[in-house]
Structures are given as structure tokens and as C-alpha cells.
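Peer 1: Read in order, the letters of the sequence shown are residues 1 to 360 in UniProt numbering.
By construction, the Cβ of each residue, glycine as well, lies at the ideal position given by its N, Cα and C atoms.
Given the structure is predicted, the values throughout are model-derived calculations rather than measurements.
This is the structure I have questions about; it appears just below.
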Amino acid sequence: MPQPVVSAADWRAADLEASGRWLRRPDPAVIADLKSGFAHLKASGKPMLEITREDMPLGTFAEVLTDAARELEHGCGVRVIRGLPLTEYSVEDCRLMAWGIGTHLGVARPQGKASQLLSDVRDAGGTYRSGSGRGYNTNAELDFHTDGSDVVGLFCLKTARSGGLSRLASSVAIHNALLARRPELAKALYGLFPHSRQQEEASDEPPAYMAPVYGIADGYFACRYIRNHIRSTQAMEGQPRLSALQHAALDAIQDLASTDEFCFSMWLEPGDLQLLNNHVVIHSRTHYEDFEEPERKRHLLRLWLAVPGSRPLTERLLAAYKSVAPGTVRGGFKGRGVTPEMQAWQARAAASLGMRDTPY
Numbered sequence: 001m002p003q004p005v006v007s008a009a010d011w012r013a014a015d016l017e018a019s020g021r022w023l024r025r026p027d028p029a030v031i032a033d034l035k036s037g038f039a040h041l042k043a044s045g046k047p048m049l050e051i052t053r054e055d056m057p058l059g060t061f062a063e064v065l066t067d068a069a070r071e072l073e074h075g076c077g078v079r080v081i082r083g084l085p086l087t088e089y090s091v092e093d094c095r096l097m098a099w100g101i102g103t104h105l106g107v108a109r110p111q112g113k114a115s116q117l118l119s120d121v122r123d124a125g126g127t128y129r130s131g132s133g134r135g136y137n138t139n140a141e142l143d144f145h146t147d148g149s150d151v152v153g154l155f156c157l158k159t160a161r162s163g164g165l166s167r168l169a170s171s172v173a174i175h176n177a178l179l180a181r182r183p184e185l186a187k188a189l190y191g192l193f194p195h196s197r198q199q200e201e202a203s204d205e206p207p208a209y210m211a212p213v214y215g216i217a218d219g220y221f222a223c224r225y226i227r228n229h230i231r232s233t234q235a236m237e238g239q240p241r242l243s244a245l246q247h248a249a250l251d252a253i254q255d256l257a258s259t260d261e262f263c264f265s266m267w268l269e270p271g272d273l274q275l276l277n278n279h280v281v282i283h284s285r286t287h288y289e290d291f292e293e294p295e296r297k298r299h300l301l302r303l304w305l306a307v308p309g310s311r312p313l314t315e316r317l318l319a320a321y322k323s324v325a326p327g328t329v330r331g332g333f334k335g336r337g338v339t340p341e342m343q344a345w346q347a348r349a350a351a352s353l354g355m356r357d358t359p360y
């Protein structure tokens, strides 16, 4: 039988709110260092795939990111950096700034069929609950889930007219609660579940793979809960059918995460950078209604990052992450748009951060 996980990421909503450790507001002098570093990057004229962290010196803002990285891996798994000067810049400048900040935190991972390394999170008319559905291009309410990387970063540029509340829960706390209340469900989540690649697989990948929801490696816990991808396999020929116990276990995570005990909610503001450790935090978003004017519509930028301080993962997650060793370049959805330029940039970015590269 699995054992309770002892971790600083074992929090209830009231605990996280009271601690305040999830939020940091850098003072004006620190933001000035960020702006100076960005001016240096922009003046270089380098395209994204030539940029590593050395191209954007951050001064005192670097410690803000170092502290965030510590909190993500060794603390509560959540950090919002509030007050970034994104509203002072054009959308294209915001993309470049987001990318530059990301190079200090980790190596960007591809996020879909086009192998994009930086995604626009906005309503593009997508259908969430479908065999090819992804939540980021819809305005739908999303199930609690993890993203396909060590860390996800969301840069908020514009908010919706109404809705779009960000909701978080500790997967460690939910694991321990299930173990105490429904141990048979916790045990089931350590088993293998089929996961669809949502029709975004690369030419050398199968359309689905097997992976557990919970895993332990060298004493480190990790959760990979992507319910929509598991659900999609049930309409795919040749994929295993979920048992009643597996369905109940997946339902239990969603049900517990949605309660006031576990669900911590926040409104993201323009200029917020929300960082989450996907291995210990699951997240969702409420439905939103947007503005009619295109320039006012809800818009966030998303980075998936492999980070140098990451934890080891169970070997049973190898098909999902391509590497389970700590501190390696791993995760993401490879897609079909990987280029030699992307591969060369990835190797340089990994070397800059002292990480071991994992070729696509």
C-alpha cells in the first residue's frame, strides 16, 4: 500500500492563503533591473532561437527567479510574481520578455502539433472535450489537470470581461487525503492509464501511451493527471478500457480538488507571472466570457519548462517525459514541427543552465 507523502507541497487552501508564500511583488528597483535587462536583450536583435540567459542580464531580478525556483521545487509548488511591466510593452515585446525570463528558469518545451515553444492562451474557438481538444485555445471551464512539463509559466497580458478564475490544488494533499479516506483509490492511481496524444503525435510516436497518475522515485512524489487525454482514449480503437475503480479514482481527484478545503483560487492580473510545479500542483480555470473587441480579449502567454532543479521521476513516466532523470531536458509534446534550429537552441540553452540535453 502507498505511504503518505511528507512534503512542503502538502497544503490546504486556507494554509496557502495564510502563508502568503505563493505571492511576491518585486519592488520598483528590482523591476527596473528587469526592464534594463530586457532593453539589453531587445537591442541585441536576436531571434528567440538564438537567445540564452546570458543575453538578458537581470541584476537583482535574478534573485526573484532563484527564490521562485526554490519555492516551486522545495516549497508549496506555487509562485506568482506580480507587477511585471508587461502592460508597458507591445504584445511582441511581451513575447520576447517572457521568453527571456524563461531562459533563466529552464529550457522551453514544445506544446503541441506545431511544436510551438511559446503558446497564446486565448479563445480560438477550440473544443475542449474532443479527441483532439486542448484547453488553452477555448473559453471552457477546464478540469483540474497538470501540464506536460516540470513547470508551467503563465504571463497574464489581458483578462476576460468575466470569469477565467485560476484554481489550484495540491496533488500531494489530495494523495494523502485519498490514502486516508479511500486507500483503494490512491493505490489504483499508481497503476497505468492510457493517455491520448490528442492527434498531435510526432511521426515516431504512437497515438497513445501508458502512464500512471501517481509515482514515487527516490522518495520524490510526482502526479501526472491529464484527465482529458485519458478520457479521449476511451473512444480510440485498441486502447485499454478503464475499470470502474480507475474511473472512480480519477473522479475522486477532481471532486476533492473542487472543494473549498483543497481549492485555492486567484484572479490573475495583467503583469502577473504564475509559475506552477506540475508534479505537485494541479490547476484549472473557470469558464469565461470575453470582450468583443479583439484588442481587449483575454490573453496569456504560456511556457512549459524543463528546469535544472527538477526531481527524479518513476521509470513508468518515460513514455511521457522522454527522460526521468533529474535536471534533464524533458517533457512537452514533441509535435511535428521540430527543426534543426530548435534542436541546436535546446542544446545551447541546456548547456547555459548546466542541464543534460535530451534530443528530440
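Closer than 7 Å by C-beta to residue 332: which residues in its own chain qualify, once you throw out the five before and the five after it? Chain order, please.
Peer 2: Indexing the sequence shown from 1 puts residue 332 at position 332. 109, 110, 111, 148, 149, 304.
Peer 1: Got a sec, what are the start and stop residues for the beta strand (DSSP E) residue 11 sits in?
Peer 2: The sequence position of residue 11 within the sequence shown is 11, counting from 1. If you look at residue 11, you'll find it isn't in any beta strand (DSSP E); DSSP assigns it neither H nor E.
Peer 1: In angstroms, rounded to a whole number, what distance separates the CA positions of residue 159 and residue 273?
Peer 2: Your numbering for residue 159 matches position 159 in the sequence shown. Your numbering for residue 273 matches position 273 in the sequence shown. Cα to Cα, the separation comes out at about 13 Å.
Peer 1: Taking 8 Å as the threshold, find out whether the segment 46–57 comes into contact with the segment 262–269 through three or more Cβ pairs.
Peer 2: Under the 8 Å Cβ criterion, the segment 46–57 does not count as touching the segment 262–269, having fewer than three qualifying pairs.
Peer 1: State yes or no: is the C-beta of residue 280 within less than 8 Å of the C-beta of residue 153?
Peer 2: Within the sequence shown, numbered from 1, the residue matching residue 280 stands at position 280. Within the sequence shown, numbered from 1, the residue matching residue 153 stands at position 153. No, these two residues do not count as a Cβ contact at 8 Å.
Peer 1: Go through the segment 299–342 residue by residue and report every complete run of the alpha helix (DSSP H) that reaches 4 residues or more, in order.
Peer 2: 318–321
Peer 1: Can at least three beta-carbon pairs, one atom from the segment 31–43 and one from the segment 331–350, be found at a separation below 8 Å?
Peer 2: no
Peer 1: When DSSP builds the beta bridges, which residues end up paired with residue 274?
Peer 2: For the purposes of this step, residue 274 is taken as the residue at position 274 of the sequence shown. Note: residue 274 sits in a beta bridge opposite 80, 154.
Peer 1: Per DSSP, which residues does residue 194 bridge with? Please list them.
Peer 2: Stepping through the sequence shown from its first residue, residue 194 is reached at position 194. Answer by DSSP bridge pairing, in chain order: 210.
Peer 1: Taking 7 Å as the limit between beta carbons, can you name the residues of its chain near residue 2, skipping five residues before and five after?
Peer 2: Working through the sequence shown from its first residue, we reach residue 2 at position 2. Closer than 7 Å at the Cβ level, and outside the excluded window around residue 2, lie 179, 186, 187, 190.
Peer 1: What does the Cβ neighbour count give for residue 344, buried or exposed, with the cut at 16 atoms within 10 Å?
Peer 2: Numbered from its first residue, the sequence shown carries residue 344 at position 344. Counting Cβ neighbours within 10 Å, residue 344 comes out exposed, since fewer than 16 surround it.
Peer 1: Terminal residues of the continuous alpha helix (DSSP H) containing residue 70?
Peer 2: On the sequence shown, residue 70 is found 70 positions in, with the first residue counted as 1. It spans 61–74 - the alpha helix (DSSP H) in which residue 70 sits, taken as one unbroken run.
Peer 1: Short check: CB of residue 20 to CB of residue 271, under 8 Å?
Peer 2: Taking the sequence shown and counting its residues from 1, one reaches residue 20 at position 20. Taking the sequence shown and counting its residues from 1, one reaches residue 271 at position 271. The answer is no: Cβ separation not under 8 Å.
Peer 1: Check whether the Cβ of residue 263 lies closer than 8 Å to any Cβ atom in chain B.
Peer 2: Any reference to chain B falls outside this structure, which holds one protein chain only.
Peer 1: Leaving aside the five residues before and after residue 340 along the sequence, list all residues of the same chain whose C-beta is less than 8 Å from its C-beta, in chain order.
Peer 2: Here residue 340 refers to the residue found at position 340 of the sequence shown. Excluding positions up to five away in sequence, the list is empty.
Peer 1: What residue from 226, 107, 208 has the CA that sits closest to residue 236's CA?
Peer 2: To locate residue 236, count along the sequence shown from 1; it is residue 236. Of 226, 107, 208, the smallest CA-CA separation from residue 236 is found for 208.
Peer 1: Using C-beta distances below 7 Å, list every residue in its chain close to residue 146, excluding the 5 sequence neighbours before and after it, in chain order.
Peer 2: In the sequence shown, counting from the first residue as 1, residue 146 sits at position 146. Answer for residue 146: 223, 224, 225, 226, 278, 282, listed in chain order.
Peer 1: Can you give the Cα-Cα distance for residue 258 and residue 42, rounded to whole angstroms?
Peer 2: Taking the first residue of the sequence shown as 1, we reach residue 258 at position 258. Taking the first residue of the sequence shown as 1, we reach residue 42 at position 42. The alpha-carbon atoms of residue 258 and residue 42 are separated by roughly 42 Å.
Peer 1: For residue 56, which of 40, 317, 118 has the nearest alpha-carbon?
Peer 2: Reading the sequence shown from its first residue, position 56 is the one you call residue 56. The candidate whose alpha carbon is nearest that of residue 56 is 40.
Peer 1: Thinking residue 328 and residue 356 are a contact (beta carbons under 8 Å), I'd like their distance in whole angstroms, please.
Peer 2: Counting from 1 along the sequence shown, the entry for residue 328 is found at position 328. Counting from 1 along the sequence shown, the entry for residue 356 is found at position 356. Rounded, the Cβ-Cβ distance is 5 Å, consistent with contact.
Peer 1: Tell me, please, which residues DSSP counts as bridged to residue 225.
Peer 2: For the purposes of this step, residue 225 is taken as the residue at position 225 of the sequence shown. Answer is none; residue 225 lacks a bridge partner.
Peer 1: Between which two residues does the alpha helix (DSSP H) harbouring residue 95 extend?
Peer 2: Your numbering for residue 95 matches position 95 in the sequence shown. Its alpha helix (DSSP H) spans residues 91–105.
Peer 1: From the DSSP output, which residues share a beta bridge with residue 264?
Peer 2: Within the sequence shown, numbered from 1, the residue matching residue 264 stands at position 264. Paired residues: 168.
Peer 1: Grab me the residues of residue 130's own chain with a C-beta within less than 7 Å of its C-beta, minus the 5 sequence neighbours each way, in chain order.
Peer 2: Here residue 130 corresponds to residue number 130 of the sequence shown, with the count starting at 1. A caution first: residue 130 carries a pLDDT of 45, below 50, which makes its placement in the model unreliable, though a value can still be read off. Residues of the same chain with a CB within less than 7 Å of the CB of residue 130, apart from the 5 flanking positions on each side, do not exist.
Peer 1: Please work out which residues of its chain come closer than 8 Å, Cβ to Cβ, to residue 229, disregarding the five sequence neighbours upstream and downstream, and give them in chain order.
Peer 2: Numbered from 1 along the sequence shown, position 229 holds the residue referred to as residue 229. Cβ within range, chain order: 195, 196, 197, 198.
Peer 1: Under three-state DSSP, which class holds residue 283?
Peer 2: On the sequence shown, position 283 is the one that residue 283 refers to. Strand.
Peer 1: Would you kindly report the start and end of the unbroken beta strand (DSSP E) that includes residue 120?
Peer 2: Counted from its first residue, the sequence shown places residue 120 at position 120. According to the DSSP assignment, residue 120 belongs to the beta strand (DSSP E) that extends over 119–121.
Peer 1: Can you tell me which residues form a DSSP beta bridge with residue 108?
Peer 2: Here residue 108 refers to the residue found at position 108 of the sequence shown. 305, per the DSSP bridge assignment.
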